[in-house]
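Heads up: the sequence shown begins at 384 in this note's numbering, then just goes up one per residue.
Every residue, glycine too, gets a C-beta built ideally from N, C-alpha and C.
Computed from a predicted structure; not experimentally measured.
Just below is one structure, and these are the notes that go with it.
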Amino acid sequence: MSSPATRAVVLVLHGGRANSTAPARPGLAWARMAPLVRGIARATGGDAEVRLLRYRLRGWNGPAEDPLRDTRAALEEIRRTRPGVPIVLVGHSMGGRVALRLAAEPDVAGVCALAPWIEPGDPARRGPAPVLIAHGDRDRVTDPRVSAAYAARIGASFVPVPGETHAMLHRPLFWHRLVTGFVQQVLVNPGEPAPAPGTSRGR
Numbered sequence: 384m385s386s387p388a389t390r391a392v393v394l395v396l397h398g399g400r401a402n403s404t405a406p407a408r409p410g411l412a413w414a415r416m417a418p419l420v421r422g423i424a425r426a427t428g429g430d431a432e433v434r435l436l437r438y439r440l441r442g443w444n445g446p447a448e449d450p451l452r453d454t455r456a457a458l459e460e461i462r463r464t465r466p467g468v469p470i471v472l473v474g475h476s477m478g479g480r481v482a483l484r485l486a487a488e489p490d491v492a493g494v495c496a497l498a499p500w501i502e503p504g505d506p507a508r509r510g511p512a513p514v515l516i517a518h519g520d521r522d523r524v525t526d527p528r529v530s531a532a533y534a535a536r537i538g539a540s541f542v543p544v545p546g547e548t549h550a551m552l553h554r555p556l557f558w559h560r561l562v563t564g565f566v567q568q569v570l571v572n573p574g575e576p577a578p579a580p581g582t583s584r585g586r
């Protein structure tokens, strides 16, 4: 999925558990993101290299913040091998938490967080990159109200997804269009993509 003409790297981040030091293996959380990876690759027509990161461990694990460390290492590797290329982060659940935490990192050109896990103590930092948060209104695993409030705090775009749960299975086409549209807009206009249809803006 890469070529010398790659204009961007899209790093896709799957979900996980609050606490688990078991080695991460390709499971449901990882497989859930695989169709998005294929959809982004098709939508960008080869302009973007799309990577689905697999963490070392299954859990966030409190102050260890293991998936955050893994993603920072992946960003460092991308900067080393693709210097100056913009990076778009797309994360679901725990992966959304990671993506939001790294929104101000160098070379991050956009962040798309899907049903993110957000804790009250999470820092509300945002660099110049556009941030889009989407959340199903029937999610019982992570809270869409917390996502909406967080989006307002950082001035991000927020998309409520009526009738959707945490697994993103009820409206798969909507999620695909939302994510691919966001990524495409970042590639076209890295400064500030237009909000997706139905988007509300924080602030």
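Look at the beta carbons and you see the segment 479-489 not touching the segment 403-411: under three pairs across the two are nearer than 8 Å. Nearest to V544 by C-alpha distance, out of S530, A535, I537 and R536, is S530. A residue is called buried once 16 or more other Cβ atoms fall within 10 Å of its Cβ, and V392 is buried on that count. Looking at V569, D522, G478 and L515, the one whose alpha-carbon comes closest to that of W413 is G478. Residue state for I501 is assigned as coil, using DSSP reduced to three classes. Listed as beta-bridge partners of R400 by DSSP are G442.
With distances taken between CA atoms, F557 lies nearest to H518 out of R480, H518, R441 and A512. Distance between L497 and R480, taken at the CA atoms: about 9 Å. With a cut-off of 8 Å on Cβ pairs, the segment 465-472 is in contact with the segment 561-574, counting three or more such pairs.
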